[in-house]
Amino acid sequence: MATYDLIIREGTIVDGTGKERFIGDIAVKDGLIAQVGAITGDATQEINASGMIVTPGFVDVHTHYDGQATWDPEMAPSSWHGVTTVIMGNCGVGFAPAAPDRHEWLIGLMEGVEDIPGTALAEGMKWNWETFPEYLDALEKLPRTVDVGTHVPHGAVRAYVLGDREKPGAVPTDDDIAKMGDIVEEGVRAGALGFSTSRTVIHKSIDGELVPGTTATAEELISIGKAMARAGHGVFEMASDLKREWNEFDWMGKLSRDTGLPVTFAALQSIAKEMPLDEQIAAMRAENDNGANIVAQIALRGNGIVMAWQGTVHPFRFRPSWMAISDLGWAEQKTKLLDPVFKDQLLAEENDFTGAPQDLIHLFMAIVNGWSAQFEMDPDFDYEPPAESSIQARAEKAGVGPQEYAYDLLCRDDGKGFIYLPILNYQDGNLDFLEALQASDDTVNSLSDGGAHCGTICDAASPTFMLQHWVRDRKRAATRNSGKVSLEHAIKRQCRDTAQLYGLEDRGLIAPGYLADLNIIDFDRLKLGKPWLAFDLPAGGKRLLQKADGYVATIKGGVVTFREGEWTGATPGNLIRGPQQVTMLEAAE
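Note that the UniProt record's numbering has the sequence shown beginning at 1, numbered continuously upward.
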């Protein structure tokens, strides 16, 4: 009988501690790492990782697989990029608790906020739950490639307590707030990893209504945080416009100090945020200096809209000629779009913003004529594109107007061309500002939005981008340093640091007793593929997808789930219930 279930031989181990890489073997037994170093025993299965890097599985703390996780065992696209743990239920949206008469409302909230097709959610989810603990039980029944953890979402909690009274600006009574706290405490005791809310005008339901958390008072939020503390653990997660008059950091600091729990927020360069990013970080650090534990979630590239004819938005979305064909099938649309007469007609028109939300006009203007901030997505696209590769610059070089260049670009590849518009985190036209933030202990790699923004954003590949761009390929930097991040530090950021924020002490390191969640990567070959639009969600729902070359194998709990980017069919993933502790093995002593 073999000593171990699996041995990975002679890999270059980057163990997640941040310490220097080393060459060695990894032995796995019963889903755990049993030994690291020079291993003499045998195994049922061996993998030769010579010349490859071996890392812990990536932990992604900001995803929106709340619906997809109830029907899809593969959990793509995050699982295609070395992710072995996802945490969902972010930004205050999710599907539990769910009164039977609020299903459609919750779907509309998720569709509006996260651009997940409502038809797909309606067909895919079975709603075999009402309370949050029942939702966790439903998640636990489906095997999958990754482990999933979740927050209790504010929108669902408010809708459950207030019912038809839940409208923009609704003011809950003291009794309502107490009931919300009880639901959150019950959910956290059942295994939720935290609570989430959203306070940004960009987040609206499919009917254009602000999400419930936007107008919540500090008293309501602190009361819910204290309820979570009664359960003994949890992270309070938030997206916010951070308006100065709201004094968000005041109540975040008070909540953290009063409860002893971490509070985490989306920290971005954003046209929707009143406070510049450096002011956000300074305000956070002032509270932390006073005993709080606030952690900034940062994205490692411009959060960009990927625009295409079949996507959710594109620069011609508000032209009358487009609106006239917007409800046609793709074959009919494509025939029209490739017709020179139709093209000339559309390009001669003005945008019509009738009925468009006025508080989002600044965003729509960037979409329809922000040619200097829009970029053509080439096969070898650099997600830190310089000004000379913008639509504006390329059109001038080609001797045509930018709108004509953009139109023709979208028509390439049989109408499947893409334009990238980084609306967040790219106001300086580079990513230099992220260099220092990646070196800070009060920030965490995040904001991939895996599973969400199906027709506009494709950032679930963030861990791959981190390695390809920040560690290996980055060419632009404002400092005399390389502008890059060391491989060891990057792996620590995406594995150990993300896991520890949520109390998941059993993963993120390659050491005896830890979960055998691992990646074997051909680092020289690692490369993001071109995004594409698939129509493979339930009811034919669309989603942007992106794969990568270079992942030789991904291993979850000692089981190989992916080989060379292809799913093996294995589903060793589980539901995470609450904080996790590492298993102490005799072999570790």
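For glycine and all other residues, C-beta sits at the position ideal for the given N, C-alpha and C.
Remark: C-beta atoms of Ala96 and Phe132 approach each other more closely than 8 Å. Here Leu544 is not near Leu537, since their CB atoms are 8 Å or more apart. Looking at the DSSP output, Asn519 bridges to Thr55, Thr554.
Counting the other CB atoms within 10 Å of its CB gives Gly187 a total of 16 or more, which places it among the buried residues. Comparing C-alpha distances from Gly503 to each of Ala331, Asp432, Gly191 shows the shortest one belongs to Gly191.
Take the alpha-carbon of Gly417 and the one of Cys411: they are about 6 Å apart. Judged by DSSP secondary structure, Asp175 falls within the alpha helix (DSSP H) whose first and last residues are 174-190.
As for any beta strand (DSSP E) of minimum length 3 sitting wholly inside the UniProt domain "Amidohydrolase 3" (435-562), the runs are 443-445, 518-521, 532-534, 543-545, 551-556, ordered along the chain. Pro56 is the residue among Lys492, Ser372, Pro56, Leu437 whose C-alpha sits nearest the C-alpha of Asp517.
For the pair of segments examined, the stretch 228-235 was found to touch the stretch 252-262: the number of CB pairs separated by less than 8 Å reaches three.
For Leu347, the CB contacts under 7 Å within the same chain, skipping 5 residues up- and downstream, are Gln403, Glu404, Tyr407 in chain order. In this structure, DSSP gives Arg199 an extended state, which the three-state scheme calls strand. Residue environment: His203 is assigned as buried (16 or more neighbouring CB atoms within 10 Å of its CB, all protein chains considered).
Taking Asn48 as reference, the option from Arg9, Glu74, Thr85, Leu431 with the minimal CA-CA separation is Arg9.
Annotated as distal: Met238 and Val146, with beta-carbon spacing of 8 Å or more. Where Gln403 is concerned, the enclosing alpha helix (DSSP H) starts and stops at 402-415. Under the three-state reduction of DSSP, Leu328 is assigned to coil, being neither helix nor strand. Annotated as distal: Pro77 and Ala398, with beta-carbon spacing of 8 Å or more. Residue environment: Phe195 is assigned as buried (16 or more neighbouring CB atoms within 10 Å of its CB, all protein chains considered).
Beta bridge pairing from DSSP links Pro385 with no other residue. Counting only residues of its own chain and dropping the five nearest sequence neighbours on each side, Lys336 has a CB closer than 7 Å to the CB of Ile325, Phe342. Every alpha helix (DSSP H) of 4 residues or more that sits fully in the stretch 241-300 is shown, in chain order, as 248-259, 277-289.
When DSSP states are grouped into helix, strand and coil, Ser390 belongs to the strand group.
Residue state for Thr3 is assigned as coil, using DSSP reduced to three classes.
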